[in-house]
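Below is one structure, written out as structure tokens, with a few remarks after it.
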Amino acid sequence: MKNNVYTTHTLGYPRIGAQRQLKWTLEKFWRGEVNNTELESVASTLRKEHWKNQVEAGLDYVTANDFSLYDQVLDTACLFGIIPPRFQWDGSLIDHDLYFALARGNEVQPALAMTKWFDTNYHYLVPEVSDTTHFALQSQKILNEVKEAIALGHTPKPVLIGPVTLLSLSRKALTTDLEPISRVNDLIPLYASLLKSLHQLGCDWLQIDEPVLSTDLEDAQKHALETTYKSLAKFTERPKILLASYFGNLEDNYATVLDLPVDGHHVDAVTSSTDVHYLSHRYPANKVLSIGIIDGRNIWASNLKAKSEIIEAVAGSVAREQLWLAPSCSLLHVPYTTDNEDNIEPQLRPHLAFAQEKLEELRHLANSRICKDARQAIEKSAIRHFQRITAPFASKPAVRQQCKELNTAEFTDRIPFNQRFEAQQDQLPLYPTTTIGSFPQTAEIRAIRSQFKKGKIDLVSYDAKIEKHVKACVELQDKIGLDVLVHGEFERNDMVEFFADKIHGFAFSQLGWVQSYGSRCVKPPIIFGDVSRAESLSGPWIKRAQSYTKKPIKGMLSGPITMLKWSFVRDDVPLETVALQLAVTIREEVQELESNGISIIQVDEPALREALPLRKSHQAYYLKWAVDAFKLSTAGVLKSTQIHTHMCYGQFNEIFDAIVALDADVISIEATRNHLTVLDSFANSHYPNSIGIGVWDIHSPRVPTTESMVSLLKLSSELIDPKRVWVNPDCGLKTRAWPETIASLKNLVNAATQLRESHLAINN
Ligand code: GLN
Ligand code: ZN
């Protein structure tokens, strides 16, 4: 039964629970405090609530199988029995034990690898496919969720990741040379069999997600798409297929996509409306066109008038019955609702739309032709949008002026590295040792921060408590024999929120949680206006730390791209404008640190690569402004001030030129998990500056031995001039415990000492 003038649906809904119920229950389940039945009952209560919300917002379909206990890619791998042999699975139906072992590892097996889902901050688990993977339907999850929705009286449209995206995101097992995509023919019959089961349950539509359609496709992928959808079209006992692409435009994939014999397409009309305009003019009369009209990845209320103009233009060439409306992508990437955000700046609140509010927006768009209230809401949204982009809180003339007056010299004014190097390194030994910044965040540390935040202790007592930890941490590093020390970051809850709190133009939600992976959530700050420094960003701690030691203290800051990427960003100015304002803000802090006698400053950019556009043709432009922003944030320092940066990963191939262009004096990188293969690109391209080799994999509780680190460092000296090598862990230590931290750092210092000695012996 159809409710709206245009059919409305969503590609997916948040699932962690508005109060993060799923998170708390999962963590109890893993600790053995709740059983399978209790976990399932929380999960089904959540699904029930989500469907109810969708119905109340007037959607014509509710989405099924968008729920997950951990990750939708892992669910799909389990559905088709894609389990690496090392898990010694006997082929029986996959239970929670195996499912969570794949997700999190167990006593004997490490978990599947985890990586970012396209260009979002959501992480998925990477299936491993080999020539011997035996695909077979091994899970009832999708069918059960469809039955559950039907039993509750809903009309479900289940969602499933398509085979081409699934295989494109999989990695080939170490035992094979076969590319996963070449096994697509073995998956097709299983998709067909699922289609039949869904048809028998009474599903009219199945949404198949192929977000690879918004990326540069290789021939093998195009071929796989053609084979898959031509084969599936031949089956008559099946729901209609809505093929969904999102996170970008189809661009040169139009022809590939339009040729696929599916029953409907969902396209992203938020990135730009080019796709819908192009498609609508040549769209076949018998297919559904679902327009992703509401931004599914950001939290701003839409200008519905502008949106409805796009819809009406498409409606000029596509019949009303053919036209569906939806958010651009799954709402997994936004929080649940603004309902309980009572503490956010009152002027900002009417401008926010989380998942539930976005569904309301859809309802208005779908009914403007027949409903006066909808028309009024649309008019109002246009006025509200105008108010937001012209609001005094959105623009600060002084900030705009300052950015306008920046001249290019400010991006490029450092003297050559070799000259800086001499001024910077003369006090440091060969193979200097340091850490990435944070030290263990114990329950005690968290309690101090939370008591202060809740007003249970005053500033004087908070300061004294943090000071005690900073002092102890500096003294400990001194005693262990590290060369460049840090203050430990005990005052910081999060590397973005902590700074954002001291910058004009940022706001903070109370319950704006978004799933990052499994039970982990993040609460991104909201950049709503021009950005400028409101107060010292790092506070007194770095300077105080310096007073406890004669060794240099490294000042720690987060970089402009990371601040940008890990926030919800205003959509009324280009991203690069915000990046530039952040850079100017951070530069002020860099200069303050320098004038306080701090001569080594690290500007972390773990999100630099993550923000890389999906399309190669868009990457150069992004890298240009991203590099400019980083350089600007560190420009203007003395030649003796050493700039470090840190990135938590070891894949630099695509962005290597940009890494060189950053011209940081030292870049610390991950090198252990990839067995130093990361150094190849640095060596091959004669990377000129220094590299901090992450010889300790801090994502594992294991204490690395001195020998293991010595051998990595020896290997590195075959590739990189030892004079330019630093020794450090591969990321911050905040998730580690103290005993392993102390033991590992001692080994790390020993490893560096051994290398120095053998280097001296060779050179004497
Ligand atoms: N300085 C931060 C820390 O040590 C860096 C964190 C990160 O790279 N994500 O925690
Ligand atoms: Zn890191």
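Note that this note's numbering numbers the sequence shown so that position 586 is 1706, with each residue one more than the last.
Positions of the beta carbon are idealized from the N, C-alpha and C atoms, including for glycine.
If you're wondering where the values come from, they're calculated on a predicted model, not measured in any experiment.
Asked                                                                                                                                                         : Found
Comparing alpha-carbon positions, which option in GLU1499, LEU1865, VAL1390 and ILE1720 lies nearest PHE1367?                                                 : VAL1390
Just reading off the beta strand (DSSP E) that HIS1386 is part of, what are its end residues?                                                                 : 1384-1388
DSSP three-state label for MET1121, please.                                                                                                                   : Reliability of the predicted coordinates at MET1121 is poor, the pLDDT of 42 falling under 50, and the value obtained from them is presented with this limitation in mind. DSSP places MET1121 in coil when its eight states are reduced to three.
DSSP three-state call for LEU1732: helix, strand or coil?                                                                                                     : coil
What are the boundary residues of the beta strand (DSSP E) that VAL1786 is part of?                                                                           : 1786-1790
Under 7 Å Cβ to Cβ from GLU1655, same chain only, skipping five residues before and after it: list those, please.                                             : LYS1622
Give the secondary structure of PHE1802 by DSSP, where H, G and I count as helix, E and B as strand, and everything else as coil.                             : helix
To the nearest angstrom, report how far apart ALA1803 and GLU1725 are at their CA atoms.                                                                      : 22 Å
Taking buried to mean at least 16 other C-beta atoms within 10 Å of its own C-beta, is VAL1580 buried or exposed?                                             : exposed
Just to confirm the assignment, what range does the alpha helix (DSSP H) spanning GLN1539 have?                                                               : 1537-1545
Do ILE1556 and the ligand SAH come close, with the Cβ less than 7 Å from some heavy atom?                                                                     : As presented, the structure is devoid of the ligand SAH, carrying the ligand GLN and the ligand ZN as its sole ligands.
What did DSSP end up calling THR1553 once you bin it into helix, strand or coil?                                                                              : strand
Would you decide whether ARG1640 is buried or exposed? Buried here means 16 or more other CB atoms lie within 10 Å of its CB.                                 : exposed
Of all the options THR1252, THR1761, LYS1759 and PHE1776, which has the alpha carbon lying nearest to the alpha carbon of MET1767?                            : PHE1776
How about ALA1221 and ASP1191: are their beta carbons less than 8 Å apart?                                                                                    : no
Starting from ASN1848, follow its DSSP beta bridges and name the residues at the other end.                                                                   : GLY1814
Quick check on TYR1668: buried or exposed, where buried means 16 or more other Cβ atoms within 10 Å of its Cβ?                                                : buried
Going by DSSP, what residue range makes up the alpha helix (DSSP H) through MET1829?                                                                          : 1826-1839
Going by C-alpha distance, which of GLN1630, TRP1816, VAL1698 and ARG1735 is nearest PHE1648?                                                                 : VAL1698
Taking its Cβ as the centre, do 16 or more other Cβ atoms sit within 10 Å of HIS1385, making it buried, or is it exposed?                                     : buried
Looking at the strands, I want to know which residues DSSP matches up with LYS1360.                                                                           : TRP1325
Which stretch, first to last residue, makes up the alpha helix (DSSP H) that contains LYS1585?                                                                : 1579-1600
Closer than 7 Å: is that where the CB of LYS1854 sits relative to any heavy atom of the ligand GLN?                                                           : yes
Once you ignore the five residues that flank TYR1742 on each side, which residues in its own chain have a CB closer than 6 Å to its CB?                       : PRO1733
Distance check for ALA1529 and ASN1716, CA to CA, integer angstroms please.                                                                                   : 25 Å
What first and last residue would you give for the alpha helix (DSSP H) that runs through LEU1159?                                                            : 1156-1176
For GLY1152, tell me which candidate among LYS1236, HIS1216 and GLU1525 has the shortest Cα-Cα distance.                                                      : HIS1216
Under 8 Å: do the region 1474-1490 and the region 1404-1416 share three or more Cβ pairs, one atom per stretch?                                               : yes
Once the 5 residues before and after MET1121 are set aside, which same chain residues still bring their CB inside 6 Å of it?                                  : Here the model assigns MET1121 a pLDDT of 42, short of 50, so the residue's position is not dependable and the matter cannot be decided.
Suppose contacts are defined by Cβ-Cβ distances below 8 Å. Is ASP1395 in contact with LEU1370 by that definition?                                             : yes
Give the C-beta separation of SER1753 and ILE1706 to the nearest angstrom, bearing in mind that I take them to be a contact with Cβ-Cβ under 8 Å.             : 4 Å
On the DSSP letters alone, give me the boundaries of the alpha helix (DSSP H) that TRP1858 sits inside.                                                       : 1858-1883
Quick check on the burial criterion: 16 or more other C-beta atoms within 10 angstroms. Buried or exposed for ALA1584?                                        : exposed
Using a Cβ-Cβ cutoff of less than 6 Å, which residues in the same chain neighbour PRO1645 once the five nearest sequence positions on both sides are dropped? : GLU1617, ALA1620, PHE1626, PHE1628 and SER1687
Please find out if some non-hydrogen atom of the ligand GLN comes closer than 7 Å to the beta-carbon of ASP1724.                                              : yes
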